[in-house]
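Undergrad: Dropping the structure in here first, questions after.
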Amino acid sequence: MKKRLQFIIVGVLVLSLLFLASCGADFGVDGNAEQTDESADGDIPEREDLIVVGVCQVGSESVWRTANTESIQQTFTGENGYFLIFNNARQKQENQIKAVRRFISQKVDYIVISPITEDGWDTVLKEAQDAEIPVILMDRKVNVSDPGLYTAWVGSDFFLEGKNAGEWLEQYLEEKGMSEEEIYIVVLQGTEGSSAMIGRSKGFESVADKHKNWIILEKAGAEYTTAKAKEEMKRMLGKYPDINVVVSQNDDMTFGAIDAIEECGLTVGEEGDVILISFDAVYTALKLVEAGKIGVDVECNPLQGPYVESIIKALEYNWGFEKENYVPEQVFYKENVSEFLPDRKY
Ligand code: AHR
Numbered sequence: 001m002k003k004r005l006q007f008i009i010v011g012v013l014v015l016s017l018l019f020l021a022s023c024g025a026d027f028g029v030d031g032n033a034e035q036t037d038e039s040a041d042g043d044i045p046e047r048e049d050l051i052v053v054g055v056c057q058v059g060s061e062s063v064w065r066t067a068n069t070e071s072i073q074q075t076f077t078g079e080n081g082y083f084l085i086f087n088n089a090r091q092k093q094e095n096q097i098k099a100v101r102r103f104i105s106q107k108v109d110y111i112v113i114s115p116i117t118e119d120g121w122d123t124v125l126k127e128a129q130d131a132e133i134p135v136i137l138m139d140r141k142v143n144v145s146d147p148g149l150y151t152a153w154v155g156s157d158f159f160l161e162g163k164n165a166g167e168w169l170e171q172y173l174e175e176k177g178m179s180e181e182e183i184y185i186v187v188l189q190g191t192e193g194s195s196a197m198i199g200r201s202k203g204f205e206s207v208a209d210k211h212k213n214w215i216i217l218e219k220a221g222a223e224y225t226t227a228k229a230k231e232e233m234k235r236m237l238g239k240y241p242d243i244n245v246v247v248s249q250n251d252d253m254t255f256g257a258i259d260a261i262e263e264c265g266l267t268v269g270e271e272g273d274v275i276l277i278s279f280d281a282v283y284t285a286l287k288l289v290e291a292g293k294i295g296v297d298v299e300c301n302p303l304q305g306p307y308v309e310s311i312i313k314a315l316e317y318n319w320g321f322e323k324e325n326y327v328p329e330q331v332f333y334k335e336n337v338s339e340f341l342p343d344r345k346y
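Residue numbers (this note's numbering): 1 to 346.
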């Protein structure tokens with residue numbers, strides 16, 4: 001009887017441990033923790049030598065995003081003196097807000113947010129400010145009444161990216177002797193209300209507005225994903241028979257657009273039916289630039305971890321730093337892409 005009781009207690013303990021391991025915060029052996037939005041408040045280790053950084057990521061919608069996450073995870077390691085709590089918000093702003101509140105209650109040293117959309121941040125940023133936790137924005141921006149609600153921002157000049165795309169098209173059409181022809185354009189847009197979608201749209205339109213013969217037939221939301229872009233592209237090909245240019249606001253959507261165009265029996269590229277303009281410049285897309293399928297790929301640099309760290313270091317040591325920090329980026333087309341391809345790691 002006593003033995004059976006011992007057996008039951010051990011069994012219950014094992015099952016409880018298995019259950020705890022399968023839910024909630026997963027504190028890895030390397031000193032980092034991954035939180036899901038359902039997870040309970042995790043314990044931060046009693047290691048006063050480690051700087052605790054809570055990072056709230058958009059999701060894992062694109063190759064770019066995965067590279068951005070890896071950049072953060074490779075920067076904020078135990079070896080480098082950090083304890084990283086990483087939260088994947090799965091494309092929902094409400095999850096991001098919950099994660100920030102959790103970071104505040106965990107009393108992290110710094111909060112890093114890649115905001116899904118620009119609006120809706122005032123209240124939670126005020127809560128972080130009241131708790132005296134510096135907030136560093138990464139990648140995208142926020143639209144707040146008081147810029148003092150965040151400490152610094154690191155990311156891309158999305159307007160310039162869009163403008164560069166428009167200027168490439170301007171030059172391309174000129175070289176092909178098509179600058180006076182009517183050009184029919186469709187746009188595959190990223191997440192509605194995100195800085196990348198807003199900036200790239202405005203930047204491209206700043207050039208398009210100068211050309212009365214550029215006709216933007218439709219701007220379709222495709223959430224930065226291949227599947228949604230393929231669906232939207234198919235729909236638009238059915239609706240507009242003469243699409244000359246597709247402006248696709250990230251590479252993942254471009255892959256979906258190519259599939260849709262080719263499945264409709266059309267071709268892409270310089271000698272093809274449709275000219276493609278893309279953003280991000282991930283390896284697979286740059287190979288398509290080299291192959292002549294994508295006309296131009298405007299880089300969006302995801303390797304932002306070291307830039308975020310330099311701000312944290314400046315705060316730790318009381319060094320000066322800029323509030324707005326643009327990461328370096330360039331534009332890739334057939335003539336220059338091959339020399340950069342061997343170095344592209346994502
Ligand atoms: O905010 C950057 C954008 O978000 C990238 O272009 C896209 O791929 C990502 O998901």
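Note that beta-carbon positions come from the ideal geometry of N, C-alpha and C, so glycine has one too.
Alpha carbon to alpha carbon, how far is Y326 from E161?
TA: 12 Å
Undergrad: Considering only heavy atoms of the ligand AHR, does any lie closer than 7 Å to the CB of G190?
TA: yes
Undergrad: Based on Cα-Cα distance, which residue from G269, I44 and F321 lies nearest to G78?
TA: I44
Undergrad: Residues in its own chain within less than 8 Å of G203 by CB, not counting five upstream and five downstream?
TA: F158, F159, L160, E161, G162, K163, N164, A165 and G166
Undergrad: Under DSSP, the beta strand (DSSP E) around N164 begins and ends at which residues?
TA: Taken as a continuous stretch (DSSP letters only), N164 belongs to no beta strand (DSSP E), being part of the alpha helix (DSSP H) at F158 to E175.
Undergrad: Thinking V245 and I185 are a contact (beta carbons under 8 Å), I'd like their distance in whole angstroms, please.
TA: 4 Å
Undergrad: My output table needs one value for K98: the three-state DSSP class, helix, strand or coil.
TA: helix
Undergrad: My output table needs one value for L288: the three-state DSSP class, helix, strand or coil.
TA: helix
Undergrad: How many Å lie between P115 and G190 at the Cα?
TA: For P115 and G190, the distance between alpha carbons rounds to 14 Å.
Undergrad: For the ligand AHR, any of its heavy atoms closer than 7 Å to the Cβ of R344?
TA: no
Undergrad: Could you compute how far the alpha carbon of S338 sits from the alpha carbon of K287?
TA: 8 Å
Undergrad: Does the contact criterion of 3 or more C-beta pairs under 8 Å hold for the stretch 124-135 versus the stretch 92-104?
TA: yes
Undergrad: For K219, collect the residues of the same chain with a Cβ closer than 6 Å to its Cβ; drop the 5 residues on either side in sequence, then sort them by chain order.
TA: V187 and Q189
Undergrad: Using the rule of at least 16 other Cβ atoms within 10 Å of the residue's Cβ for burial, across every protein chain shown, is W319 buried or exposed?
TA: exposed
Undergrad: How is V282 classed by DSSP in three states: helix, strand or coil?
TA: coil
Undergrad: Pull up the distance between the alpha-carbon of V227 and that of G256, whole angstroms please.
TA: The sequence as given places Ala at residue 227; Val does not occur at that position. Answer to the nearest angstrom: the Cα atoms are 6 Å apart.
Undergrad: For F340, which residues of its own chain have a beta-carbon under 6 Å away from its beta-carbon, when the five flanking residues on both sides are left out?
TA: none
Undergrad: I'd like the list of long-range same chain contacts for I136, defined as Cβ closer than 8 Å, with 5 residues on each side in sequence excluded.
TA: Y110, I111, V112, I113, Y150, T151, A152, W153, V154, V308, I311 and I312
Undergrad: Grouping DSSP H, G and I as helix and E and B as strand, with all else coil, what is M138?
TA: M138 carries a strand assignment under DSSP once its states are collapsed to helix, strand and coil.
Undergrad: Report, in whole angstroms, the separation of the C-beta atoms of D252 and S62, which I expect to be a contact under 8 Å.
TA: 4 Å
Undergrad: State the CB to CB distance for the pair D259 and G193, rounded to an integer number of angstroms; the pair is presumed to be in contact (CB under 8 Å).
TA: Rounded, the Cβ-Cβ distance is 27 Å, inconsistent with contact.
Undergrad: Taking Cβ positions, are P147 and L315 nearer each other than 8 Å?
TA: Contact check for P147 against L315 fails: the beta carbons are separated by 8 Å or more.
Undergrad: Quick one: Cα of V298 to Cα of W121, how far?
TA: 29 Å
Undergrad: Short of 6 Å in beta carbon distance, which residues of its chain neighbour A222, apart from the five on each side in sequence? Order them along the chain.
TA: L188, K228, A229, E232 and M253
Undergrad: Expressed to the nearest angstrom, what Euclidean distance is found between the alpha-carbon atoms of E181 and E174?
TA: If I take the Cα positions, the gap works out to 10 Å.
Undergrad: If we ignore side chains and look at the alpha-carbon of each, how far apart do E38 and N88 end up?
TA: Note that E38 scores a pLDDT of 45, beneath 50, so its modelled location is shaky and nothing firm can be said.
Undergrad: Is K334 helix, strand or coil when you go by DSSP?
TA: coil
Undergrad: Among the candidates G199, M236 and D139, whose CA atom is the shortest distance from the CA of I216?
TA: M236
Undergrad: Return the residue from the list K107, G305, I261 and V296 that minimises the CA-CA distance to E48.
TA: Taking only the C-alpha atoms, the option nearest E48 is K107.
Undergrad: Restricting to Cα atoms, I'd like to know which of G81, N301 and K210 is closest to L50.
TA: Checked all of G81, N301 and K210; the closest Cα to L50 is G81.
Undergrad: Using only CA atoms, which one of I183, A291 and N301 lies nearest to W214?
TA: Here the closest residue by C-alpha is I183.
Undergrad: D209 to E170, Cα distance in whole Å?
TA: 12 Å
Undergrad: Roughly how many angstroms separate the alpha carbons of G59 and E263, rounded to a whole number?
TA: 29 Å
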